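First comes the structure, then the notes that go with it.
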Amino acid sequence: MHEVTVVGGGPTGLMLAGELALSGVDVVVLERRSTPELIGTRARGFHSRTIEILDQRGIVDRFLAEGQRAQVLSFGSTSLGAGSLPSRHPYTLGLGQSNVERLLLGWVEELGVPIRRGVAVTGLAQDETGVDVHLQDDEPLRTAYLVGADGGRSRVRTAAGIDFVGAEATRSHLIAEVSVTEDTPAGMRLDDVGIHAISPLEDGQTVGLVVTEQQLGPASEPTLQELSEALRAVYGTDFGVHAPTWISRFTDATRQAVSYRSGRVLLAGDAAHVHPPTGGQGIGLGVQDAVNLGWKLAQVVQGVSPDSLLDSYQAERHPATARVLKNVMTQAFLQRGDVRTEAVRDTFSDLLELDGPRAALAGLLSGLDVRHDLGEGHPLLGRRVPDLDLTAADGPRRVFELLHEARPVLLVLGDSDSLDITPWSDRVRRVDAQAVGTWELPVVGEVPAPAAVLVRPDGHVAWVGDGTATGLHDALTTWFGPPAQGTT
Ligand SMILES: Cc1cc2nc3c(=O)[nH]c(=O)nc-3n(C[C@H](O)[C@H](O)[C@H](O)COP(=O)(O)OP(=O)(O)OC[C@H]3O[C@@H](n4cnc5c(N)ncnc54)[C@H](O)[C@@H]3O)c2cc1C
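Heads up: the sequence shown begins at 892 in this note's numbering, then just goes up one per residue.
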């Protein structure tokens, strides 16, 4: 029996598998696709917080070497000025989803995680000690915990009976890579129906296109005939489309699982939330789910923390994602060219001339402003720790370097003899250092320098010291389990 089985080897499932493996969990990934190659176009990039998370694990250089850095963080057509975000990575990284998956897969394989391809999960049954996973070929598989990272149509979610609620689809778009016999107009077009765009692909022979359908299309796989009709309705011609390498349909449906957990079954990524691709949020939300869940699930599996720690996954990630989904819904709604929608869009553009609203949206859409509700206190509490330069006894460091192993860190930044964490020293690493520079948070601005910070493996601050140890042992127990016996 594996300790954890992850269903789905997309960006979320791979990131989660890496997190679990770093924590020493016996994890396997089951992936329906028989080869790693991804057919068709999906994500083309991701934003600052996702880049930071890859940096926290020491693998960001692989992604930076292949991607294009760009200032494309925007709300509709208004640039939000990502360049001014207080982050070491104040930009969006343009990188196709197939490359993202290939690089994550390389990392996960280095960590020794088995990936079983061509294995489709069809159902599950859980009891008090584990989950029986039903596979298409009837092979029996039992696991202590099961995570559905199996995309928007998640079989794990439906088999676990978890409701998926939100806004139903009102519009559908066809996306395709296809050959044409006529010249195509490059660029984007907005009309009363929606958004349409055509762009030549690298091979010079085919084009990539997105076209909004006149009516909401069926849930079935789209045909070349449907693509031809949709193009004629918008452009008056179908440009002689033929020989599609890929056609797919996506909608503006925006839904979220009411619960991210049912007993020993958890959901992450698109399996837990779907939304239109507008604004490129999908990979980031999935990666943030994975790093929030990974260390918690590891501690529960290893008996370090009680099972109730898993409830904090839902409590933290559900509201953080709900905020993003609302914004994405708004942006998708504004993708129409009629006069009323134009008026709303112009109103937003005017408001976004102001620094405050622009900074607030940049914080939200970059993923950098996430704050988990860990109670009142210092502004760092619950937020992601900034990646300051440090001077430590053994030389210069960066905060994120301390997180490469996905272990919690008590970073002591001053004279703090009172901070004794001996009962947790098997789990929590103490680092004494001086911080260089100011502590600046997105949206909030500069905050008072802390005397110490307890940083969770996902990079969020669990406790802030004021020079005393008040609250430290409670925070350690809440997040990293009770003190080791015989040490208090
Ligand atoms: C047109 C388009 C453009 C997009 N652009 C962007 C963008 O620019 N930036 C961005 O961040 N996001 C973008 N997205 C969203 C992004 O692609 C998704 O959010 C992301 O793929 C979610 O990752 P995931 O791992 O959660 O799910 P998925 O990528 O869907 O992975 C799920 C995996 O599970 C496997 N699977 C499914 N069912 C089973 C089963 N029963 N058993 C075993 N395996 C199974 C699938 O084969 C798949 O590999 C876009 C999406 C679309 C459609």
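Even for Gly, the Cβ is constructed at its ideal location relative to N, Cα and C. Predicted model, so just to flag it, every value in this text is computed and none were measured.
Whose C-alpha, out of the options, is nearest the C-alpha of residue i?
i	options	result
Met-1220	Pro-1005, Pro-1248, Gly-1173	Gly-1173
Val-1261	Arg-1275, Glu-1267, Gly-974	Arg-1275
Leu-1026	Leu-1037, Gly-1014, Glu-1019	Gly-1014
Val-1338	Leu-1272, Val-1300, Gly-1358	Leu-1272
Ala-1035	Thr-969, Gly-1043, Gly-1042, Asp-1018	Asp-1018
Leu-1345	Val-1010, Asp-1323, Val-1038	Asp-1323
Tyr-1439	Ser-1150, Glu-1068, Ala-1250, Thr-1232	This structure does not reach residue 1439, given that the chain is present from 892 up to 1379, and the question cannot be answered.
Leu-1037	Pro-1373, Ala-1016, Gly-1057	Ala-1016
Asp-952	Ala-934, Arg-979, Asp-1317	Arg-979
Leu-1200	Glu-1112, Thr-1368, Arg-1320, Asp-1094	Thr-1368
Arg-935	Val-963, His-1263, Arg-1152	Val-963
Asp-946	Ser-1316, Asp-1278, His-1351	Asp-1278
Leaving aside the five residues before and after residue i along the sequence, list all residues of the same chain whose C-beta is less than 7 Å from its C-beta, in chain order.
i	result
Thr-941	Ile-1174, Gly-1175, Val-1178, Gly-1258
Gly-1355	A quick correction: the sequence has Val, not Gly, at residue 1355. So the qualifying residues of the chain are Gly-1268, His-1269, Leu-1271, Leu-1272, Pro-1341, Val-1344.
Ser-965	Leu-971
Glu-910	Ala-1181, Val-1182, Gly-1185, Trp-1186, Ala-1297
Gln-1222	Phe-966, Gly-967, Thr-1169, Gly-1170
For residue i, which residues of its own chain have a beta-carbon under 6 Å away from its beta-carbon, when the five flanking residues on both sides are left out?
i	result
Thr-1075	Ile-1089, Val-1098, Phe-1130
Arg-1033	Met-892, Gly-1021, Asp-1023
Ile-944	Val-1178, Val-1182
Quick check: the Cα distance between residue i and residue j, rounded to an integer number of angstroms?
i	j	result
Ala-1110	Ala-1121	16 Å
Gly-1228	Val-1235	11 Å
Thr-932	Gln-988	8 Å
Glu-922	Val-1012	8 Å
Ala-1050	Val-1156	10 Å
Ala-1206	Arg-1288	32 Å
Glu-1296	Leu-955	20 Å
Leu-913	Ser-1240	44 Å
His-1133	Ser-970	36 Å
Arg-1298	Asp-1357	23 Å
Val-1327	Arg-960	26 Å
Leu-1115	Ile-1053	35 Å
Ser-939	Asp-1306	33 Å
Gln-1226	Glu-1233	9 Å
Under 9 Å, do residue i and residue j count as touching if we go by C-beta distance?
i	j	result
Glu-1073	Thr-1128	yes
Leu-1332	Pro-977	yes
Pro-1005	Val-898	no
Pro-902	Val-1047	no
Ala-1144	Ala-1077	no
Val-1069	His-1087	no
Arg-1146	Glu-1104	no
Arg-1062	Gly-1042	no
Trp-998	Ile-1066	no
How many whole angstroms separate the CB atoms of residue i and residue j, which I take to be in contact at a CB cut-off of 8 Å?
i	j	result
Pro-927	Leu-996	6 Å
Leu-984	Phe-937	6 Å
Trp-1330	Ala-1353	No, Trp-1330 and Ala-1353 are not in contact; Cβ-Cβ is about 16 Å, not under 8 Å.
Ala-1159	Leu-1184	6 Å
Leu-986	Gly-958	4 Å
Val-1215	Leu-1243	Rounded, the Cβ-Cβ distance is 17 Å, inconsistent with contact.
Leu-1310	Leu-1363	6 Å
Please confirm if residue i has its CB atom under 9 Å from at least one CB of chain C.
i	result
Ser-1196	Protein chain content of the structure displayed is limited to a single chain, and chain C is not contained in it.
So, at 8 Å on beta carbons, what are the nonlocal neighbours of residue i in its own chain, with the 5 sequence-adjacent residues on each side left out?
i	result
Glu-1000	Ile-1006
Arg-924	Gly-900, Arg-1008, Gly-1009
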